[in-house]
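One structure below.
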Amino acid sequence: MPIDDLDAEREHLAASRQDLARMRKKVESLDSSTAGNWVSAEILDATLAHRLEQLADDPDVPLFFGRIDRTAAVGGESFHIGRRHISDGAGDPMVVDWRAPVSVPFYRASRTEPMGLARRRRYGFSHGELTAFEDESLTDAGAGPEHSAILEAEIERPRVGPMRDIVATIQPEQDVLVRADLSQTIVVQGAPGTGKTAVGLHRAAYLLYAHRDQLTRRGVLIIGPNASFLRYIRDVLPALGEIEAKQATIAELVAKNGQSHGAVRAEEAAPVATLKGDVRMAEVLHRAVWSHLGEPDEALVVPRGSRRWRVPSHEAREALEGLRANDLRYAAGRALLPRALAHRVLVQMERSGDSPDDRVHDAVARAKPVKDYAAALWPDLKPARVLFRLFTDAGWLAEVADGLLTETEQASLLWEKPPRSAGAARWSLADLVLLDEIADLLDRTPSVAHIVADEAQDLSAMMLRALGRRSTTGSLTILGDLAQATTPWASSSWTEALAHLGKPDGHVEQLTRGFRVPADVIAYAARLLPHIAPDLEPPVAVRRTRGDLAFTTSSVVEALGAALERPGSVGLIVPDASLATVRAELTEAGLSFAEIGVAADEETEFDAHLDLVPASLAKGLEFDHVVVSDPTGIVAGEPDRDTGLRRLYVCLTRAVTSLVVRHDALPEELGGVPERVDAKVGA
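In terms of our numbering, the sequence shown opens at residue -8 and continues consecutively.
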């Protein structure tokens, strides 16, 4: 490598950093004093503040990670590719945004399809300082195999802290998904280590870049399985310059509905929660809401001046049925019924020779006899009261669930000890989802532009419907792995899930090339696939390093020994039931650790060298080194063996560099200890 080339690249990096500072200083010099009014001033101030956040410079983060050199046939230009666009004083690009169309060949070009490139360059950095680069010729047919040591080093670089972006290491098949059209709903069925979470987050960042106005105005939602997972991914979008996307768990999403009923306050048996998540409940609730419509059995009489106008019951019925036929939301129909009845009165007035106008129509619709008559036919409903009645009134439940739920299923929904009122009820997560469904039957749920839902294989049909109604005019990126489904109500197929989302034409893409999990580790975990997901293609590790896989029957503290001496993060994954015992062992040994899921530590969660992870919260997380303790206990901690084996599959695939399995006995589905690994490590 000629030193002058490296020096030139370092000079370009320094100049780019100066131009970024200049761009930020220019924004800082602007203010809202020239705005025409206070509203415009507020908007301008917010816009400038957001722009300053986008231009923030972290000296430890490289401004660019690659370069493309085009062939003379397409102009011969060179572009440095980075996380944000930086231009010089003349407006020429010093760094182009990775999401810009010109950057596409950096991710997708190959020797068979060079896409107009002569060369691709990747850079090596250490704490923000440029240390090396490597070039790949895309026109030399006799070149060696396409392998990047810098790319591999970046993938395997030790980490401590939350998830980081993969913008420098996006693979061609990932880039295709990242840049998919906004209108398209995509399901990414991704094996462990294939980067499906990163694909979803980078797609959100790309769409915010490509459709800024639309997505900023209508919103982007990131849905994760739990609060710890959301804290783990919290830094990815801000690192890419995007702060508009909102993050929430499914529980937070439904609790934030306009008909909010607070947080989850109750747990329930898995069979009951599974029934409440069954799609049949949507029709039960639909019947429950619309069963409140009354039957006109007497005429409406409206006094006005010296006259009394009479709307016969059959005409009132026609007005009610006419609104019902329009497929309106319940509350919208209720609001329109007084006007529909008033219209019948105005028709009679016109027949008698009067000429009533809109003001008369409004006055009649607001008249007490009309409002009272309409309210009796179309009563006001609240989601909590509807669900409270459903769970306490066996006769009514039997009526609305007839032909949908068996008598045994109906009995399981009824509360053994009903609360005093709907306001005193302690709702479970499944209940909140049902309340959200009822709320949407009453008033349409606002739709956002795009939703990214991770670990979506664990969502029930009713949870998927909750996501779907928030994307009726938008699209979704669904991320998951059917082999990692660990809830009794999980989807059995992505086709089924897309139907519940209301996006039956969504595209399913399967990612099987694993970039994160080492070959030996993923091969061992894949022994479970014939038992938990026989229809899925097994993952294939593409890294040259096979990783470290070891087994031990020693204590937890001894099993951690080698991992704690290595750089990077260490995750100790244990059965939930063993948390207290293992916590005490670590404390007694004087080991410093953070515990995933402990709210008091949420600000420093994932920042410790060692994290204690309950098996139920391991999904979606990654650590350089993982110790899985008591795999048999992890399996036994779930309601059934299939779910337990899927939970174990999750836990065994969290390692990026090394995995130690600490066991007294191994589940028979794993087939014992592989011959090529050391079964005595840590013993």
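Ideal placement from N, C-alpha and C gives every residue a C-beta, glycine not left out.
8 angstroms Cβ cutoff met for residue i and residue j
i, j, result
"proline 752", "leucine 639", "With the chain running from -8 to 674 in the structure shown, residue 752 is simply not present."
"valine 178", "valine 499", "yes"
"aspartate 615", "arginine 150", "yes"
"glycine 296", "tryptophan 369", "no"
"proline 287", "arginine 308", "yes"
"valine 547", "arginine 653", "yes"
"alanine 375", "leucine 426", "yes"
"alanine 196", "arginine 90", "yes"
"arginine 74", "glycine 232", "yes"
"alanine 490", "alanine 447", "no"
"methionine 641", "threonine 477", "The residue you asked about is not methionine; residue 641 is valine in the sequence shown. Yes, the Cβ-Cβ distance between valine 641 and threonine 477 is below 8 angstroms."
"tyrosine 114", "phenylalanine 70", "no"
"threonine 240", "glycine 268", "no"
Residues of its chain near residue i, where Cβ-Cβ distance is below 7 angstroms and the 5 sequence neighbours each way are ignored
i, result
"alanine 182", "Asp472, Leu502, Thr503, Gly505 and Pro530"
"arginine 537", "Pro509, Ala510 and Asp511"
"alanine 279", "Val377, Leu381 and Val391"
"valine 65", "Gly107"
"glutamate 274", "Leu395"
Beta-carbon proximity list for residue i, same chain, < 8 angstroms, skipping 5 on both sides
i, result
"leucine 492", "Thr176, Leu455, Arg456, Leu458, Gly459, Ser462, Leu467 and Ile469"
Euclidean distance between Cα positions of residue i and residue j
i, j, result
"arginine 299", "glutamate 312", "25 angstroms"
"threonine 57", "alanine 159", "Inspection of the sequence shows that residue 57 is occupied by glycine rather than by threonine. If you take the alpha carbons of glycine 57 and alanine 159, they lie about 8 angstroms apart."
"histidine 334", "arginine 301", "12 angstroms"
"valine 626", "leucine 396", "31 angstroms"
"alanine 676", "glycine 624", "This structure leaves residue 676 out entirely; the chain is present only between -8 and 674."
"alanine 144", "tyrosine 321", "58 angstroms"
"valine 270", "alanine 356", "39 angstroms"
"alanine 257", "leucine 332", "44 angstroms"
"threonine 464", "valine 439", "7 angstroms"
"alanine 260", "serine 282", "29 angstroms"
"alanine 517", "alanine 541", "16 angstroms"
"glycine 394", "tryptophan 406", "21 angstroms"
"leucine 228", "alanine 474", "27 angstroms"
"tyrosine 223", "glycine 152", "8 angstroms"
"phenylalanine 220", "alanine 189", "13 angstroms"
"leucine 519", "aspartate 631", "15 angstroms"
"lysine 373", "leucine 432", "11 angstroms"
"tryptophan 29", "leucine 168", "42 angstroms"
Residues near residue i by beta carbon distance below 6 angstroms, same chain, minus five either side
i, result
"valine 424", "Val245, Met453, Met454 and Ala457"
"arginine 15", "Leu46"
"leucine 129", "Ala100, Arg102, Pro105 and Leu108"
"aspartate 10", "Ile77, Asp79 and Met85"
"leucine 337", "Pro347 and His352"
"lysine 494", "Thr176"
"threonine 634", "Thr477"
"arginine 411", "none"
"alanine 532", "Gly505, Ala510 and Ile513"
"alanine 230", "Asp156"
Option in the options with minimal Cα separation from residue i
i, options, result
"arginine 148", "Ser117, Arg357, Ile523 and Ser78", "Ser117"
"arginine 155", "Ser346, Phe97, Glu613 and Ser282", "Glu613"
"glutamate 660", "Pro622, Ala646, Glu666 and Val647", "Pro622"
"methionine 272", "Val190, Ala421 and Ala599", "Ala421"
"threonine 648", "Val664, Thr634 and Val617", "Val617"
"leucine 603", "Asp567, Ala6, Ala532 and Gly628", "Asp567"
"arginine 110", "Leu121, Arg61 and Ser346", "Arg61"
"glutamine 162", "Gly119, Thr207, Phe97 and Pro605", "Phe97"
"glycine 186", "Ile146, Ile213 and Trp387", "Ile146"
"tryptophan 485", "Asp526, Leu519, Ile513 and Pro521", "Asp526"
"leucine 450", "Ser483, Thr436, Gly386 and Gly119", "Ser483"
"aspartate 539", "Glu549, Ser545, Ala524 and Arg557", "Arg557"
"arginine 209", "Ser20, Ile34 and His441", "His441"
The beta strand (DSSP E) enclosing residue i, as first and last residue numbers
i, result
"glutamine 162", "Taken as a continuous stretch (DSSP letters only), glutamine 162 belongs to no beta strand (DSSP E), as it is neither H nor E."
"leucine 570", "From DSSP, leucine 570 is part of no beta strand (DSSP E) but of the alpha helix (DSSP H) over 570 to 579."
"phenylalanine 124", "120 to 128"
"tryptophan 300", "298 to 302"
"glutamine 746", "Residue 746 cannot be examined here, being either before or after the span of the chain that is shown, -8 to 674."
"valine 87", "84 to 88"
"valine 443", "441 to 444"
Interface flag, residue i vs chain C, CB-CB below 8 angstroms
i, result
"leucine 455", "Absent here is chain C; the protein component of the structure consists of one chain."
Start-to-end residues for the alpha helix (DSSP H) that takes in residue i
i, result
"histidine 334", "321 to 342"
"isoleucine 214", "Here isoleucine 214 belongs to no alpha helix (DSSP H); instead the beta strand (DSSP E) covers 211 to 215."
"histidine 522", "520 to 523"
"histidine 277", "271 to 281"
"proline 374", "374 to 383"
The ligand PLP heavy atom lying under 7 angstroms from the CB of residue i
i, result
"valine 652", "The ligand PLP is not part of this structure, which contains no ligands at all."
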